[in-house]
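146 is the number that my numbering gives the last residue of the sequence shown; the numbers go up by one with no jumps. For glycine and all other residues, C-beta sits at the position ideal for the given N, C-alpha and C. First up is the structure itself, then whatever we jot down about it.
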Amino acid sequence: MIRLIEKDKEIPYDLLLLADETMEAINKYVNQSDIYVLDRDNVVIAVYVLQTISDDIIEIKNIAVDTAFQGQGIGQELLKDAINRAKERGFEKIIIGTGDAGIKQLYLYQKVGFEIYDIKHRFFLDNYPEPIFENGIQLKHMIMLKKELK
Ligand code: ACO
-3 MIRLIEKDKE IPYDLLLLAD ETMEAINKYV NQSDIYVLDR DNVVIAVYVL
47 QTISDDIIEI KNIAVDTAFQ GQGIGQELLK DAINRAKERG FEKIIIGTGD
97 AGIKQLYLYQ KVGFEIYDIK HRFFLDNYPE PIFENGIQLK HMIMLKKELK
């Protein structure tokens, strides 16, 4: 079962750091967000973070699955759960951003119905102290995807 956590007790930073490079970046959104986790045998193995952007828009700021459990459909399950919760909470749109070299993420997000609507140019060059590489390519731009909920 995917559950909302109590933030003062159990923020799974180890998992959040799989999706975001620095604690500094995570701390910019984590305290104003809802954090949902998935447990297996009482251990947290996956997480996603929802932040309200406006009355109509909510954003998945972070989504991560423990490396030992990746590729088993859990990421897709989390995305569907996030979409359902956003709908239930009455938002019109859910958005998510990922690095331009994040091939698996871009595939997965589009598979569950997100579509690209914007590119934040130089996001990873201007907001992180060190270069970040994914699939052997340096991340430069943030690709923004959205899904209409109504
Ligand atoms: N290229 C294209 N597709 C791929 C690749 C690849 N290199 N590797 C796997 N896939 C496919 C799989 O075949 C599967 O598709 P299918 O269902 O059609 O077979 C899909 O990608 C993976 O689906 P899941 O198993 O549901 O995904 P998973 O449980 O591995 O979770 C996630 C995906 C969250 C991206 C996970 O890999 C992860 O935690 N990665 C590290 C953290 C991360 O990058 N998070 C996202 C950053 S962006 C953000 O947080 C807003």
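{"Asked": "Leu135 beta carbon less than 7 angstroms from that of Ala78", "Found": "no"}
{"Asked": "Length-filtered (3 minimum) beta strand (DSSP E) runs lying within the region 8 to 72", "Found": "30 to 36, 39 to 48 and 53 to 61"}
{"Asked": "For Ile99, the three-state DSSP class (helix, strand or coil)", "Found": "helix"}
{"Asked": "Euclidean distance between Cα positions of Ile31 and Pro8", "Found": "9 angstroms"}
{"Asked": "Distance CB(Leu141)-CB(Phe110) smaller than 7 angstroms", "Found": "yes"}
{"Asked": "For Lys89, the three-state DSSP class (helix, strand or coil)", "Found": "strand"}
{"Asked": "Cut-off 7 angstroms between Cβ atoms - residues of its own chain near Tyr44, not counting five sequence neighbours on either side", "Found": "Tyr32, Ile56, Asn58, Ile59, Leu74 and Ala78"}
{"Asked": "Boundaries of the beta strand (DSSP E) in which Glu126 is found, first to last residue", "Found": "Here Glu126 belongs to no beta strand (DSSP E), and DSSP marks it neither H nor E."}
{"Asked": "Candidates Phe87, Tyr25, Gly86 and Tyr103: closest to Thr94 by CA position", "Found": "Tyr103"}
{"Asked": "Buried/exposed call for Ala82, threshold 16 Cβ in 10 Å", "Found": "buried"}
{"Asked": "Length of the line joining the Cα atoms of Arg(-1) and Leu34", "Found": "7 angstroms"}
{"Asked": "DSSP three-state assignment for Arg81, whether helix, strand or coil", "Found": "helix"}
{"Asked": "DSSP-derived helix/strand/coil call for Glu2", "Found": "coil"}
{"Asked": "Cβ separation of Tyr124 and Glu17, assumed to be a contact under 8 angstroms, to the nearest whole Å", "Found": "6 angstroms"}
{"Asked": "Extent of the continuous beta strand (DSSP E) run through Met138", "Found": "Met138 to Glu144"}
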